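Asker: Mind looking over this structure? Questions follow.
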Amino acid sequence: MKFISEFGYIIVLPGNWAEYDDEKNTNAFFDTTEWTGNLRITPIKIDPKKGSELLEHEMNSFEGKAEKLKTQNGFEGLKYSEESGEDFIYYWYVIIKDKMFICSFTINLIEKETKKNGVELTKVTKIIDSIKLE
């Protein structure tokens with residue numbers, strides 16, 4: 014299912030996922046059939062000439078906990094994860110032209126090592142890989 018954001022990007026969501034209201038300037042999604050976590054996508058306008066420098070700064074700020082990535086569309090980014098109370102949060106930062114997309118997927122900490130979580134991470138990765146500017 015194609016989702017067109019009011020923030021100037023398009024993604025492809027699984028058919029049973031829906032948007033819900035969250036923070037300002039953020040689109041948030043969840044599986045409506047069975048809750049498996051919350052996905053949030055926040056686009057931030059950046060200077061396109063400083064994208065690599067910005068990613069390097071972010072990599073350094075995570076003190077070796079982040080790793081570089083390339084999306085299926087060839088966009089550069091990074092990913093890392095962390096515990097936060099009873100939650101486990103996966104983060105992706107992806108730069109496309111003049112925007113940096115900060116994406117997070119929050120699950121219950123007890124779900125982290127389950128097969129179900131692995132399946133959901135695959136879905137979320139495909140969603141993030143599908144990001145395109147409008």
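Numbering (the numbering used here), first residue to last: 14 to 147. For each residue, glycine too, the CB sits at the ideal point set by N, CA and C. Given the structure is predicted, the values throughout are model-derived calculations rather than measurements.
Threshold first: 4 residues or longer. Then list the alpha helix (DSSP H) segments lying entirely within the segment 44-110, N to C.
Answerer: Counting whole runs of 4 or more residues, the segment 44-110 contains the alpha helix (DSSP H) stretches 64-74.
Asker: Nearest to residue 65 by alpha carbon, out of 34, 132, 89, 140?
Answerer: One-based indexing of the sequence shown puts residue 65 at position 52. The shortest C-alpha separation from residue 65 is found at 89.
Asker: Look at the alpha carbon of residue 40 and the alpha carbon of residue 57, and state the distance between them as a whole number of angstroms.
Answerer: The residue labelled residue 40 in the question sits at position 27 within the sequence shown. The residue labelled residue 57 in the question sits at position 44 within the sequence shown. Rounded to the nearest angstrom, the two C-alpha atoms are 12 angstroms apart.
Asker: Locate the beta strand (DSSP E) running through residue 123, then write down its first and last residues.
Answerer: Here residue 123 refers to the residue found at position 110 of the sequence shown. Where residue 123 is concerned, there is no enclosing beta strand (DSSP E), given that its DSSP letter is neither H nor E.
Asker: Give a yes or no on whether the minimum CB-CB distance between residue 55 and chain D is below 8 angstroms.
Answerer: In the displayed structure, chain D is absent; only one protein chain is listed.
Asker: For a quick check, are the C-beta atoms of residue 118 and residue 103 less than 8 angstroms apart?
Answerer: What you label residue 118 is simply residue 105 of the sequence shown in a count that begins at 1. What you label residue 103 is simply residue 90 of the sequence shown in a count that begins at 1. Their beta carbons are under 8 angstroms apart, which means residue 118 touches residue 103 by this criterion.
Asker: Between 139, 137, 135, 100, which lies nearest to residue 123 when the distance is taken from Cα to Cα?
Answerer: The sequence position of residue 123 within the sequence shown is 110, counting from 1. Considering only alpha carbons, the answer is 100.
Asker: Give the single residue among 86, 134, 112, 72 whose Cα lies nearest to the Cα of residue 21.
Answerer: To locate residue 21, count along the sequence shown from 1; it is residue 8. Checked all of 86, 134, 112, 72; the closest Cα to residue 21 is 112.
Asker: Quick one: grab the DSSP three-state call for residue 32.
Answerer: Against the sequence shown, residue 32 aligns to sequence position 19. In this structure, residue 32 counts as strand in the three-state DSSP scheme.
Asker: Kindly identify the DSSP beta-bridge partner or partners of residue 114.
Answerer: Walking along the sequence shown from the start, residue 114 turns up at place 101. Bridge partners of residue 114: 56, 107.
Asker: Taking C-alpha atoms, which residue in 69, 31, 30, 38 lies nearest to residue 19?
Answerer: On the sequence shown, residue 19 is found 6 positions in, with the first residue counted as 1. Closest option to residue 19, Cα to Cα, is 38.
Asker: Do three or more CB pairs link the segment 47-61 to the segment 128-138 at distances below 8 angstroms?
Answerer: In short, these stretches touch, since the Cβ pair count reaches three.
Asker: Hey, could you find the ends of the beta strand (DSSP E) residue 37 is sitting in?
Answerer: Here residue 37 refers to the residue found at position 24 of the sequence shown. Premise fails: residue 37 is in no beta strand (DSSP E) and is neither H nor E.
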